[in-house]
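Each residue of the sequence shown is one higher than the one before, starting from 10 at the first, in the numbering used here.
These notes are about the structure you will find just below.
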Amino acid sequence: MTPEEVFLKLVHGVADRDFAVLPDLYAEQTDVRHPMNPYGDHPLLSRDALREHFGGVGPRVTEVVRFQPDNIRVHETTDPEVIVAEFEYDGTIVATGEPFRVPAIFVLRVRDGLIVESRDFIDHLSMIRARGQVDQLVAHLKEPAEAPAAS
10 MTPEEVFLKL
20 VHGVADRDFA
30 VLPDLYAEQT
40 DVRHPMNPYG
50 DHPLLSRDAL
60 REHFGGVGPR
70 VTEVVRFQPD
80 NIRVHETTDP
90 EVIVAEFEYD
100 GTIVATGEPF
110 RVPAIFVLRV
120 RDGLIVESRD
130 FIDHLSMIRA
140 RGQVDQLVAH
150 LKEPAEAPAA
160 S
């Protein structure tokens, strides 16, 4: 699969709640990061980590919101393994029927049809708002920062 085909399978798979097959889009050893996550960027470095991520986070998200990717624009780069994909998740809050939109940009490196590296820049605050989790985020942000580990 081309990088664009892999990306499309990923975003449509997330929207379709096909969480069991999503980890198979990634290499055994990968590097997936969410640099804009207000809870912190916790790298996912293996297919097993992604399996755990999609199995835990995915169902919790889809219980409260439904969405589909929209306005997809894929940009090729001079590196044939790398694409930049702009899109939005166009959704509805299940409990209220209220619409929402979440802009995102993914930078993917796909080698031999598998994602080996991804930087997922998503408007986490819009998704947190749509999921009704603003109070949890505020509480998290008020917690004292962890002290750096001693070296």
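All residues carry an ideal CB built from backbone N, CA and C; glycine is no exception.
If you count every other CB in all the chains shown that lies within 10 Å of the CB of residue i, and 16 or more means buried, which is it?
| i | result |
| --- | --- |
| residue 111 | buried |
| residue 152 | exposed |
| residue 154 | exposed |
| residue 37 | exposed |
| residue 129 | buried |
Counting along the chain, where does the alpha helix (DSSP H) carrying residue i start and finish?
| i | result |
| --- | --- |
| residue 31 | Taken as a continuous stretch (DSSP letters only), residue 31 belongs to no alpha helix (DSSP H), as it is neither H nor E. |
| residue 22 | 12 to 24 |
| residue 148 | 143 to 151 |
Relative to the C-alpha of residue i, which residue among the options is closest?
| i | options | result |
| --- | --- | --- |
| residue 42 | 115, 120 and 86 | 115 |
| residue 78 | 90, 63, 65 and 95 | 95 |
| residue 125 | 50, 32 and 21 | 32 |
| residue 14 | 46, 82, 61 and 63 | 82 |
| residue 18 | 53, 44, 138 and 119 | 119 |
| residue 121 | 75, 23, 25 and 39 | 39 |
| residue 26 | 129, 74 and 36 | 74 |
| residue 10 | 123, 133, 98 and 138 | 123 |
| residue 132 | 12, 51 and 44 | 44 |
Hey, could you find the ends of the beta strand (DSSP E) residue i is sitting in?
| i | result |
| --- | --- |
| residue 43 | No beta strand (DSSP E) holds residue 43; DSSP gives it neither H nor E. |
| residue 129 | 123 to 131 |
Between residue i and chain C, is any beta-carbon pair separated by less than 8 Å?
| i | result |
| --- | --- |
| residue 110 | Of the chains in the structure shown, none is chain C; there is only one protein chain. |
Inter-stretch contact (C-beta, 8 Å, three-pair minimum) for the region 56 to 67 and the region 88 to 102: no
Counting beta carbon pairs with one atom in the region 80 to 87 and one in the region 101 to 108, are three or more of them shorter than 8 Å? no
Count the CB pairs spanning the region 135 to 155 and the region 21 to 35 that are closer than 8 Å, and state whether there are at least three. no
Starting from the N-terminal side, write out each stretch of the beta strand (DSSP E) that is 3 residues or longer and does not extend beyond the region 78 to 120. 91 to 102 and 108 to 120
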